[in-house]
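Beneath this line is the structure, given in structure tokens, with notes to follow.
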Amino acid sequence: MQTVIVTGASKGIGAAICKVLRSRGVRVIGVARSAKLLQEGDVAGDVSDPETARRVVTQAGDSLVGLVLNAGVITPVSKVIDTDIAQFKATYEVNLFSTLSWIQAALPALRKNKGRLLYVTTELAGMAGFACYASSKVAMNSMIATLAEEERDVVMLAVSPGVVATDMFGAASELGKSTLSKEHQEFFKAMKKSDEVSQPETVAEVFTKLILSATPDKSGSFLTWKSPYIQGLLK
37 MQTVIVTGAS KGIGAAICKV LRSRGVRVIG VARSAKLLQE GDVAGDVSDP ETARRVVTQA
97 GDSLVGLVLN AGVITPVSKV IDTDIAQFKA TYEVNLFSTL SWIQAALPAL RKNKGRLLYV
157 TTELAGMAGF ACYASSKVAM NSMIATLAEE ERDVVMLAVS PGVVATDMFG AASELGKSTL
217 SKEHQEFFKA MKKSDEVSQP ETVAEVFTKL ILSATPDKSG SFLTWKSPYI QGLLK
């Protein structure tokens, strides 16, 4: 049986991915801090702790074929001049450095099985108030592109799900009220009322296809939700 690890698995996109993968007969090990929201076989732990990564990868064993790096934090939402460097470091610890621990731990098995790695990223770059979150994600986009060159036996993807009806989207729109430009405030208001906000279940269906069948020619790509390739997977 194939095994896929999913971080940030307790709710939102992560929980939905776990559900869809299990419906496909895949063994899933979801990882999150909140044990009460996890399923049997999942692991409660701090995703930013390298020991958690090593423990979960060991539990996955030789059947590991996929790693979905979904865990992330969006705070602080504030202007660069108002953001303490310690806050930047804390965000980077989760969104960038902890993911490297997971990648380093999982690569031997993923290489052996010619597996896939999917990093859940964003398109928020350049939006006032989100420099901390967006820059940490952009750094990982670059890392994925580099890893694709270094690790030819593993398909590496950075994929933005666009705007999704999750707690994080709600937090972003609320926390950004004091920092966003009027144009971006109107953007969030419009998105809440539009049909362009995806449901976690829809995103999970696409991400499941990617983690189980994305081809090597896509490795290293930064894929946006509205890209032709992703839209094709929705059909």
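When we follow this note's numbering, the leftmost residue of the sequence shown carries the number 37, and every step to the right adds one.
Note that beta-carbon positions come from the ideal geometry of N, C-alpha and C, so glycine has one too.
None of these values were measured; they are calculated from a predicted model.
In the assembly as shown, Y155 is a buried residue. Its beta-carbon has 16 or more other beta-carbons within 10 Å. Taken through DSSP and simplified to helix, strand or coil, G165 comes out as coil. Counted as a single uninterrupted DSSP element, the alpha helix (DSSP H) harbouring A89 occupies residues P86 to A96. For A51, the closest alpha carbon among the candidates A164, P86 and S70 is that of S70.
Between the segment 122 to 141 and the segment 167 to 185 there are three or more inter-stretch CB-CB distances shorter than 8 angstroms, so the stretches are counted as touching.
Per DSSP, reduced to three states, the secondary structure at A45 is coil, with no helix or strand assignment. According to the DSSP assignment, A68 belongs to the beta strand (DSSP E) that extends over R63 to A68. In this chain, the beta strand (DSSP E) harbouring G102 covers L100 to L105. Under DSSP, the beta-bridge partners assigned to F258 are A194.
Residue state for T244 is assigned as helix, using DSSP reduced to three classes.
Taken through DSSP and simplified to helix, strand or coil, A80 comes out as strand.
DSSP, reduced to helix, strand and coil, places L153 within a strand of the structure shown.
A Cβ-Cβ separation of about 6 angstroms places L100 in contact with A142 under the 8 angstroms criterion. Residue environment for T88: buried (at least 16 other C-beta atoms within 10 angstroms of its C-beta).
V67 is the residue among G151, A45 and V67 whose C-alpha sits nearest the C-alpha of R91.
Bridge partners of S234 according to DSSP: V200. Within 10 angstroms of the beta-carbon of D78 lie 16 or more other beta-carbons, which makes it buried.
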